[in-house]
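Structure first, commentary second.
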Amino acid sequence: MEIANRMVTLSCDGTDGWDVFYRARRMKESGISVTELTIGEHDIGTDLNILIEMNRSAQAGNTGYAAVPGTDELRETVARRINERTGVSTTAANILITPGGQAALFAAHLAVLDPGEVALYCDPYYATYPGTLRAAGAIDRSIECIPENNFQPQKSQIQAAANGAKCLLVNSPNNPTGVVYDKNTWLGIAEVCVQKDLWLISDEVYDSQVWEGEHITPRSLPKMEPRTLVIGSMSKSHAMTGSRVGWVCGPETVITHLINLATHTTYGVPGYIQDAANFALNQGSKLEMEVAAPFDRRRKIAVKLIAMQKIIKAVPCSGAMYMMLDIRNTGLTGEVFANRLLDKKNIAVMPGESFGRSAKGHIRVAMTVDDERFKKALEELLKFAAEEQTKS
Ligand code: PMP
Numbered sequence: 003m004e005i006a007n008r009m010v011t012l013s014c015d016g017t018d019g020w021d022v023f024y025r026a027r028r029m030k031e032s033g034i035s036v037t038e039l040t041i042g043e044h045d046i047g048t049d050l051n052i053l054i055e056m057n058r059s060a061q062a063g064n065t066g067y068a069a070v071p072g073t074d075e076l077r078e079t080v081a082r083r084i085n086e087r088t089g090v091s092t093t094a095a096n097i098l099i100t101p102g103g104q105a106a107l108f109a110a111h112l113a114v115l116d117p118g119e120v121a122l123y124c125d126p127y128y129a130t131y132p133g134t135l136r137a138a139g140a141i142d143r144s145i146e147c148i149p150e151n152n153f154q155p156q157k158s159q160i161q162a163a164a165n166g167a168k169c170l171l172v173n174s175p176n177n178p179t180g181v182v183y184d185k186n187t188w189l190g191i192a193e194v195c196v197q198k199d200l201w202l203i204s205d206e207v208y209d210s211q212v213w214e215g216e217h218i219t220p221r222s223l224p225k226m227e228p229r230t231l232v233i234g235s236m237s238k239s240h241a242m243t244g245s246r247v248g249w250v251c252g253p254e255t256v257i258t259h260l261i262n263l264a265t266h267t268t269y270g271v272p273g274y275i276q277d278a279a280n281f282a283l284n285q286g287s288k289l290e291m292e293v294a295a296p297f298d299r300r301r302k303i304a305v306k307l308i309a310m311q312k313i314i315k316a317v318p319c320s321g322a323m324y325m326m327l328d329i330r331n332t333g334l335t336g337e338v339f340a341n342r343l344l345d346k347k348n349i350a351v352m353p354g355e356s357f358g359r360s361a362k363g364h365i366r367v368a369m370t371v372d373d374e375r376f377k378k379a380l381e382e383l384l385k386f387a388a389e390e391q392t393k394s
């Protein structure tokens, strides 16, 4: 029996980068102490008060099928958050609640793409992007965002890639680079989207983690609201990765179709999870800042340590929970660096190559262990880089 082509081509462009991650996990399982700076998972759990609300809601009987579009309360709360932060008029009718940002990304692409159409995305990219586009039936076409441009897409590049394309997927604050797109980048993106009649899918799941500059949503730019679908999530802003709750925000007509899609796919998000998410969002930005603060602290620790040596350079980390380090001075590829670092120092980081071609010669460090352990790991990493450089 043959499996559908759609399935077998889902993840065909992976390098061995993820091998480091799986190897680190196996080492841990066999009892070796490994410092994992790999995936975007907080070292704190979900706030206790959110869990209490989740439990209260479930015990109150909210365990049956929930409203497929999302509860009125949560849709209204999400719309209010967006209204307040972006100034773009948004109501519950502009919101679909989804099981996490990943499901929102998939749904948004299904909404705008027919099979065989071209979908653009930026390289380096969050690991699931190409597979998500292909799962939606699209031909995925990447735009290479190079270190010399601070990993931001240039207007001329998007223009060149846009011929025959239907949509563009962007992500700021960015995973894996930690870069926050600046106003000029956004204006270029918006101009090409209007000029070439592209849908823009804006993944803003790290919108609460901005350290330098400001988060701009392209939905707020002239002529962009009718063609922009914004992806949001509680995973990063509220340390609720396991709760699987996020949203798509877009024009009402698109959301109406997406509700129909949800009826035929996810059938919504559990009511007690939505109540917990609603409670969490109603705590306002104070809680979001508390969840985000450790990453800013660790970023500052890393910047200080990196300034004391000359081999490794940091891509300025303006947002999100990652630092991208340029390790080209060691003469190693990101993949070799990460594998050797794991073998010699029991520290796991992601090779840049696992996020596409543009981040080769880099590694991504997730700032997801406590400050003291993070500092020690960074010191070891820099020592390792110096040892490797003298060898070459
Ligand atoms: N987009 C980006 C850029 C991400 O980094 C992630 C998770 N790491 C997601 C979307 C998906 O997040 P979730 O499904 O947990 O909301």
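With the numbering used here, you'll find the sequence shown wraps up at 394, consecutive numbering, no jumps.
We treat Cβ as the ideally placed atom computed from N, Cα and C, and that holds for glycine.
Going by C-alpha to C-alpha distance, which of the options sits closest to residue i?
i, options, result
"Met-326", "Thr-40, Glu-254, Lys-198, Thr-243", "Thr-40"
"Asn-152", "Ser-144, Pro-178, Thr-130, Arg-143", "Pro-178"
"Phe-108", "Ile-84, Ala-138, Trp-249, Ala-309", "Ala-138"
"Pro-353", "Gln-161, Phe-23, Ser-13", "Phe-23"
"Thr-219", "Val-338, Gly-358, Ala-350, Glu-86", "Glu-86"
"His-240", "Asn-280, Leu-260, Ala-387", "Asn-280"
"Asn-7", "Gln-197, Gln-311, Val-181, Arg-136", "Arg-136"
"Gly-273", "Asn-176, Leu-76, Asn-165", "Leu-76"
"Ala-95", "Arg-300, Thr-268, Leu-260, Lys-385", "Leu-260"
"Ala-160", "Glu-150, Asp-74, Asn-348, Arg-143", "Reading off the sequence shown, one finds Ile at residue 160, where the question assumed Ala. Of the listed residues, the one whose Cα sits closest to Ile-160 is Arg-143."
"Ala-105", "Thr-187, Asn-165, Ile-233, Ala-60", "Ile-233"
"Asn-176", "Phe-357, Met-56, Leu-383", "Phe-357"
Looking at residue i and the ligand PMP, is the gap between the Cβ and the nearest heavy atom below 7 Å?
i, result
"Tyr-24", "no"
"Val-271", "no"
"Gly-102", "yes"
"Val-351", "no"
"Asp-205", "yes"
"Ser-144", "no"
"Thr-258", "no"
"Leu-107", "yes"
"Tyr-183", "no"
"Asn-173", "yes"
"Gly-180", "no"
"Tyr-67", "no"
"Tyr-128", "yes"
"Thr-243", "yes"
"Ser-210", "no"
"Ser-237", "yes"
"Gly-118", "no"
"Gly-42", "yes"
"Asn-85", "no"
"Gly-354", "no"
Would you kindly check if the distance between the Cβ of residue j and the Cβ of residue i is under 8 Å?
i, j, result
"Arg-221", "Val-114", "no"
"Leu-122", "Leu-171", "yes"
"Val-307", "Glu-381", "Reading the sequence as shown, one finds Leu at residue 307 and not Val. The answer is yes: Cβ separation under 8 Å."
"Lys-238", "Val-207", "yes"
"Ile-141", "Gly-118", "yes"
"Thr-370", "Asp-45", "yes"
"Ile-203", "Pro-155", "no"
"Val-250", "Met-236", "no"
"Tyr-67", "Gly-270", "yes"
"Val-317", "Asp-328", "yes"
"Lys-362", "Gly-333", "no"
"Ile-303", "Gln-391", "no"
"Ala-26", "Leu-344", "yes"
"Ala-350", "Val-36", "yes"
"Arg-72", "Gln-276", "Checking the sequence shown, residue 72 turns out to be Gly, not Arg. In contact: Gly-72 and Gln-276 (Cβ atoms closer than 8 Å)."
Could you tell me which residues DSSP puts in a beta bridge with residue i?
i, result
"Cys-124", "Ile-145"
"His-364", "Asp-328"
"Leu-171", "Tyr-123, Ile-203"
"Ser-235", "Gly-248"
"Pro-220", "DSSP output for Pro-220 lists no bridge partner at all."
Q | Touching by the beta-carbon criterion (3+ pairs, under 8 Å), the region 92–100 and the region 72–83 | A | Counting Cβ pairs under 8 Å, three or more are found: they touch.
(Q) Tell me whether the region 360–379 and the region 273–293 touch, counting them as touching only if at least three CB pairs, one residue from each stretch, are closer than 8 Å. (A) Because the criterion of three Cβ pairs below 8 Å is not met, the region 360–379 and the region 273–293 do not touch.
Q) If you pair each beta-carbon of the region 309–324 with each one of the region 208–221, do three or more pairs fall below 8 Å? A) Contact between the region 309–324 and the region 208–221 is present, because at least three Cβ pairs lie under 8 Å.
Q: Taking 8 Å as the threshold, find out whether the region 296–303 comes into contact with the region 371–378 through three or more Cβ pairs.
A: As far as the Cβ criterion goes, the region 296–303 touches the region 371–378, which means the pair count is three or higher.
Q: Check whether the region 258–265 touches the region 49–60, taking contact to mean three or more Cβ pairs, one atom from each stretch, closer than 8 Å.
A: Contact between the region 258–265 and the region 49–60 is absent, because fewer than three Cβ pairs lie under 8 Å.
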